[in-house]
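Chemist: Be aware that the sequence shown starts at 0, since it is given in numbering that gives the first Met the number 0, and climbs by one per residue.
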Amino acid sequence: MTEQERRILRVHLAGVDGMCGGCRAWWGRLTPYPCWQVEWATSRQARRWTATVLGGRG
Ligand SMILES: [Zn+2]
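In structure tokens:
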């Protein structure tokens with residue numbers, strides 16, 4: 000995981016109301032969790048894991 004992905008996942012956490020706390024804190028936006036930034040970071044991870052399983056270079 001890159002530092003950028005780690006930072007996103009550390010900040011963008013689900014709030015008690017189901018909205019993303021990171022988006023609210025950073026931009027004052029109410030975004031349903033998971034927001035697109037979390038989707039982006041987790042999909043990058045998933046691709047890397049798949050590549051590792053298949054013996055690719057990731
Ligand atoms: Zn967010």
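Beta carbons: idealized from backbone N, C-alpha and C, even for Gly.
In this text, all values refer to a predicted model and were calculated from it rather than measured experimentally.
Reducing DSSP to helix, strand and coil, say where CYS34 ends up.
Modeler: When secondary structure is reduced to three states using DSSP, CYS34 falls in the coil class, being assigned neither helix nor strand.
Chemist: With respect to 8 angstroms, is the separation between the Cβ of VAL15 and the closest non-hydrogen atom of ligand 1 below this value?
Modeler: no
Chemist: Does the separation of the CB atoms of ARG43 and GLU4 fall below 9 angstroms?
Modeler: yes
Chemist: Rounded to a whole number of angstroms, what is the C-alpha to C-alpha distance between GLU38 and GLY17?
Modeler: 15 angstroms
Chemist: Confirm, please, whether the CB-CB distance from LEU8 to ALA40 is below 9 angstroms.
Modeler: In contact: ALA40 and LEU8 (Cβ atoms closer than 9 angstroms).
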